[in-house]
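Visitor:
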Amino acid sequence: MTLKPYLPASTLPQADVASGRTQQTYIPHSQIQQGHRQQAPVRYCSSPKYQLQSFALWICYFVVGSFMVHSFVIQAATSVNEYQTNIDYHEVSAGNLYLKSDKGYQHSLVLSSDYVVDVNAMMARVTLTQNFTNTSSDWVEGVYVFPLASDVAVDDMEMVIGERFIKAEIQQREQAQKTYQQAKRTGKKASLVEQQRPNLFTTSVANIPPGESIKIKISYLQQVPLSDHIFSLRLPLTITPRYIPREFTEAKINHQQQQTAELLEQQSQDIDVSQGMDWSVNTHTVPDAAKITPFQSPANMGQQASIKVNLNVGLPIAGITSPYHQINQMNPQRQHHNQTIRLVKTTVPMNRDFVLNWQIKADSLPQAAFFKESKQGYDYGLLMLTPPTAPQTLVNIAKEMIYIIDTSGSMGGVAIKQAKQALAYAVKQLSPLDKFNIIEFNSAFTQLFSQPKSASASQVNTALNWIDRLEANGGTEMLPALKAATGVKASDGYIRQVVFITDGSVGNEAQLFRVIKGELYDSRLHTVGIGSAPNSHFMERAAELGRGSYNYIGKIAEVQQKMAELFNRISQPVLTDIKVNWPNQNVELLPAKIADLYATEPLIISARWPSAEPEPMSSGKALTINVSGKINQQQWQQKLSINHAAQQSGVVTWWARQKIKQLNYKLYDTYDDDKKQSLIEQITAVAIDNRLLSKYTSFVAVDKTPSRKLAEILKSKSVANAMPHGSTQAIPMANTATSANLQLKVGLLMLLITALCMLAKRTQRQYHALMKPKTRKIEQKAVNQKEVNHD
Numbered sequence: 029m030t031l032k033p034y035l036p037a038s039t040l041p042q043a044d045v046a047s048g049r050t051q052q053t054y055i056p057h058s059q060i061q062q063g064h065r066q067q068a069p070v071r072y073c074s075s076p077k078y079q080l081q082s083f084a085l086w087i088c089y090f091v092v093g094s095f096m097v098h099s100f101v102i103q104a105a106t107s108v109n110e111y112q113t114n115i116d117y118h119e120v121s122a123g124n125l126y127l128k129s130d131k132g133y134q135h136s137l138v139l140s141s142d143y144v145v146d147v148n149a150m151m152a153r154v155t156l157t158q159n160f161t162n163t164s165s166d167w168v169e170g171v172y173v174f175p176l177a178s179d180v181a182v183d184d185m186e187m188v189i190g191e192r193f194i195k196a197e198i199q200q201r202e203q204a205q206k207t208y209q210q211a212k213r214t215g216k217k218a219s220l221v222e223q224q225r226p227n228l229f230t231t232s233v234a235n236i237p238p239g240e241s242i243k244i245k246i247s248y249l250q251q252v253p254l255s256d257h258i259f260s261l262r263l264p265l266t267i268t269p270r271y272i273p274r275e276f277t278e279a280k281i282n283h284q285q286q287q288t289a290e291l292l293e294q295q296s297q298d299i300d301v302s303q304g305m306d307w308s309v310n311t312h313t314v315p316d317a318a319k320i321t322p323f324q325s326p327a328n329m330g331q332q333a334s335i336k337v338n339l340n341v342g343l344p345i346a347g348i349t350s351p352y353h354q355i356n357q358m359n360p361q362r363q364h365h366n367q368t369i370r371l372v373k374t375t376v377p378m379n380r381d382f383v384l385n386w387q388i389k390a391d392s393l394p395q396a397a398f399f400k401e402s403k404q405g406y407d408y409g410l411l412m413l414t415p416p417t418a419p420q421t422l423v424n425i426a427k428e429m430i431y432i433i434d435t436s437g438s439m440g441g442v443a444i445k446q447a448k449q450a451l452a453y454a455v456k457q458l459s460p461l462d463k464f465n466i467i468e469f470n471s472a473f474t475q476l477f478s479q480p481k482s483a484s485a486s487q488v489n490t491a492l493n494w495i496d497r498l499e500a501n502g503g504t505e506m507l508p509a510l511k512a513a514t515g516v517k518a519s520d521g522y523i524r525q526v527v528f529i530t531d532g533s534v535g536n537e538a539q540l541f542r543v544i545k546g547e548l549y550d551s552r553l554h555t556v557g558i559g560s561a562p563n564s565h566f567m568e569r570a571a572e573l574g575r576g577s578y579n580y581i582g583k584i585a586e587v588q589q590k591m592a593e594l595f596n597r598i599s600q601p602v603l604t605d606i607k608v609n610w611p612n613q614n615v616e617l618l619p620a621k622i623a624d625l626y627a628t629e630p631l632i633i634s635a636r637w638p639s640a641e642p643e644p645m646s647s648g649k650a651l652t653i654n655v656s657g658k659i660n661q662q663q664w665q666q667k668l669s670i671n672h673a674a675q676q677s678g679v680v681t682w683w684a685r686q687k688i689k690q691l692n693y694k695l696y697d698t699y700d701d702d703k704k705q706s707l708i709e710q711i712t713a714v715a716i717d718n719r720l721l722s723k724y725t726s727f728v729a730v731d732k733t734p735s736r737k738l739a740e741i742l743k744s745k746s747v748a749n750a751m752p753h754g755s756t757q758a759i760p761m762a763n764t765a766t767s768a769n770l771q772l773k774v775g776l777l778m779l780l781i782t783a784l785c786m787l788a789k790r791t792q793r794q795y796h797a798l799m800k801p802k803t804r805k806i807e808q809k810a811v812n813q814k815e816v817n818h819d
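Its first residue numbered 29, the sequence shown is counted upward by one per residue in the numbering used here.
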């Protein structure tokens, strides 16, 4: 069959073209000269309907592709250190501020931190000095989000300008912000310290002159935990980027991007950073996300800290160690008091928690210790009891062990190795009597088995092989995994234990706490903090609500030791239903409901009673306290006699901190607006009366003399925290659960298809433009030939 070439549509009558019908006109093959057979023009359809459909398809590809690329840009904007900057983040250092100028982004403010710790018995008084140095030629405001231990009582703040000390006032949070903003606008040096979480705080410093420094001195009390005759002091130095579950709308993101861009570009002293200057946006679940997600920088660069610890324990010390830093013991010959500990190097990078452990000789630790302080018509007491360890164990009792392991992006690097080794060790400790299952989670969760299975040799090997293949990536969507582990009751005849291995780098702690409290049933939840900077607030509160224990693993070398300590602790009988009978009738004890006590853990009670009441240990009488509880459902009680109460500053402050803590717990469990407001007022009153930082009170200090002229520009910037040591997570990579990379690839592919289609269309038009003269020659020859034949 011989193909019959079509004539181009340009030869069709105009009326036919306009009609929109696709018409075909051809010349018989016999009428075309032999020389033109290989140049038959390609059929060209110019139907407006066809062109409209093609154009619509291209538009769809372009719109969808653009939307997906735009979505990637939006998600990326909330996952990097800054919105649309030209900073080389390989050069960013922790504790450094960057300001925009005509020459790009440059260092503007350098931050260093100095810690001086005085330990008396089981309490530590910490003085943290933050030194803000402005190395630029601009007036600067600095905002720094920093971590502290999860149960600190911040009770003082000073601003140091040269030789002048300006003592801060404690004010309601909203009033403190107004005071600070007013001082900033009028050119006065000012500082503001706020609490975002029990272990996360913000320092803002306004009007730092070019080339000068301002120091902020923060003082707080911190309890030193005791377990198995070892006291352990932890000083958090940085944070792991907190994951914020995605639930916000694009409109919110665009609004936040616009605000952030304005903060970067606005040349005004009226910038209000009280709403947060960090990379995330607020959500319904995490309404303060913008305040708890500071920018981060490489772990090995920038901000430095000096640390000095003075130990005054009054007891023989068997040994002092620091697992993550090199230390010098200044007077090792002394075994009873006044030990001074310093770093081997003058300063260290602020990229991992500092931990100091000191062990007390087993026979020297008293069974009870009591400290006392008086204030405004009340006496306050702090009591530490060490109940004797029960001889029974739970070794022969069948257990149903549920292990949860965090494999999200924040666990990348050393942390996931620690977690996998810890989990493998735990699985190997199972008895054939036990049942177990493993849940791993990142953006989604996966279970090893559909139901817990017996810990046979084959099942254990299956689990170990499964653990070995785990990798860290994706988001920290903790809630579904937690629900899967907690919303189940224990099997008949089994004690159900949940072991949660994670860095706790989430912002929706309150949501998770409600699940643990409401859905754990008769299980117990134990937490294992992983990495160089775990979220201690989540780890400890989750274990408290789960009636469990917690432990920390900061390096691979201590995995076996720490996990052995945990399993030894939870294999012992737990002292439950603890009650303390105090001799005074009007005493207020905190905590009001005492948590279960594990082996080797002390019981710590804060007490307050009116000074008019008969004082314990008056007239030479001993303070007699009855402590009762249950072990393995059997009644247990102990009578303690205390003959001496040491006067100790900070006892009042610690009682007030525990009071605020209890009121906060009630607030979290209350849904009635009137009751909520009443509790907030109570928290505020206790904090104001005792000069304590809280969620509803802040410290603010203002220099009365203006120093910056109103015509001079004030530039605001936040300070970067160092990424945790050993982390391979992006800087920062909090919303790692997004499908941003996939969206980018698909969107770019669709845009590429659109571009190719447009190029093909253009090429087709150019081809026909080139072929048009040749086609006309063919047409003319065909007509001439027809006329010749006709003649």
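Built from N, CA and C at the ideal position, the CB exists for glycine as well. Keep in mind the model is a prediction, meaning the values are calculated, not measured.
Can you name, in chain order, every residue of its own chain whose Cβ lies under 6 Å from the Cβ of residue 156, other than the five neighbours on each side?
Guide: Result list for residue 156: 143, 246, in chain order.
Visitor: In whole angstroms, what separates the C-alpha of residue 244 from that of residue 727?
Guide: 11 Å
Visitor: Could you give the first and the last residue of the continuous beta strand (DSSP E) run that contains residue 638?
Guide: 631-638
Visitor: How do the region 428-445 and the region 394-403 stand: do at least 3 beta-carbon pairs fall below 8 Å, yes or no?
Guide: no
Visitor: Using the Cβ count rule (16 or more neighbours within 10 Å means buried), how would you classify residue 390?
Guide: exposed
Visitor: In angstroms with no decimal places, state the Cα-to-Cα distance between residue 411 and residue 484.
Guide: 46 Å
Visitor: For the beta strand (DSSP E) holding residue 524, just list the boundary residues, first then last.
Guide: Counting along the chain, the beta strand (DSSP E) containing residue 524 begins and ends at 523-530.
Visitor: Cα separation between residue 461 and residue 429?
Guide: 11 Å
Visitor: Helix, strand or coil: which one does DSSP assign to residue 692?
Guide: helix
Visitor: Kindly give me the distance between the Cβ atoms of residue 231 and residue 319, rounded to whole angstroms, as I take these residues to be in contact under 8 Å.
Guide: At roughly 12 Å, the Cβ-Cβ gap does not stay under 8 Å, so residue 231 and residue 319 are not in contact.
Visitor: Taking the beta carbon of residue 685 as the centre, do at least 16 other beta carbons fall within 10 Å, making it buried, or is it exposed?
Guide: buried
Visitor: Nearest CA to the CA of residue 467: which residue from 510, 695, 442, 458?
Guide: 510
Visitor: Alpha carbons only, please: which of 595, 636, 552 is nearest the one belonging to residue 627?
Guide: With respect to the C-alpha of residue 627, the residue from 595, 636, 552 having the closest C-alpha is 595.
Visitor: Can you give the Cα-Cα distance for residue 206 and residue 218, rounded to whole angstroms?
Guide: 12 Å
Visitor: Express the C-alpha separation of residue 321 and residue 265 in angstroms, rounding to a whole number.
Guide: Looking at the backbone, the Cα of residue 265 and that of residue 321 are separated by about 15 Å.
Visitor: Using the rule of at least 16 other Cβ atoms within 10 Å of the residue's Cβ for burial, across every protein chain shown, is residue 87 buried or exposed?
Guide: When all chains shown are included, residue 87 counts as exposed.
Visitor: Cα separation between residue 375 and residue 353?
Guide: 11 Å
Visitor: Assign residue 517 to one of three DSSP states: helix, strand, or coil.
Guide: Coil.
Visitor: Can you list, in chain order, the residues of its chain with a C-beta nearer than 6 Å to that of residue 787? Leave out the 5 residues immediately preceding and following it.
Guide: none
Visitor: For residue 214, which three-state DSSP category applies?
Guide: Three-state DSSP puts residue 214 in coil, outside helix and strand.
Visitor: Could you please give the first and the last residue of the uninterrupted alpha helix (DSSP H) stretch that includes residue 568?
Guide: 564-573
Visitor: Applying the 10 Å Cβ sphere with the 16-neighbour rule, what's the burial state of residue 186?
Guide: buried
Visitor: Going by CA-CA distance only, name the one from 540, 152, 481 that's closest to residue 313.
Guide: 540
Visitor: So, is residue 709 buried or exposed, given that buried needs 16 or more other C-beta atoms within 10 angstroms?
Guide: exposed
Visitor: Checking the sheet assignment: what are the DSSP bridge partners for residue 493?
Guide: Answer by DSSP bridge pairing: none, since residue 493 is not bridged.
Visitor: DSSP three-state call for residue 719: helix, strand or coil?
Guide: Collapsing the DSSP output to three states places residue 719 in coil.
Visitor: Roughly how many angstroms separate the alpha carbons of residue 614 and residue 638, rounded to a whole number?
Guide: The alpha-carbon atoms of residue 614 and residue 638 are separated by roughly 7 Å.
Visitor: Do residue 754 and residue 560 have their CB atoms nearer than 8 Å?
Guide: yes
Visitor: Below 8 Å between beta carbons: does that hold for residue 2 and residue 383?
Guide: Beyond the ends of the chain as shown, which are 29 and 819, falls residue 2; an answer cannot be given.
Visitor: When the Cα atoms are used, what is the spatial distance from residue 340 to residue 146?
Guide: 8 Å
Visitor: Rounded to whole angstroms, what is the Cα-Cα separation between residue 625 and residue 139?
Guide: 41 Å
Visitor: Please state whether the Cβ-Cβ distance between residue 269 and residue 438 is less than 8 Å.
Guide: With contacts defined as CB atoms closer than 8 Å, residue 269 and residue 438 qualify as a contacting pair.
Visitor: Along the chain, where does the alpha helix (DSSP H) containing residue 598 start, and where does it finish?
Guide: 587-598
Visitor: Might you give, ordered along the chain, the residues of its own chain that have their beta carbon closer than 8 Å to the beta carbon of residue 715, omitting 5 neighbours on each side?
Guide: 198, 684, 688, 721, 722, 724, 725
Visitor: Can you give the Cα-Cα distance for residue 425 and residue 464, rounded to whole angstroms?
Guide: 14 Å
Visitor: Taking its Cβ as the centre, do 16 or more other Cβ atoms sit within 10 Å of residue 271, making it buried, or is it exposed?
Guide: Residue 271 is buried by the Cβ-count criterion.
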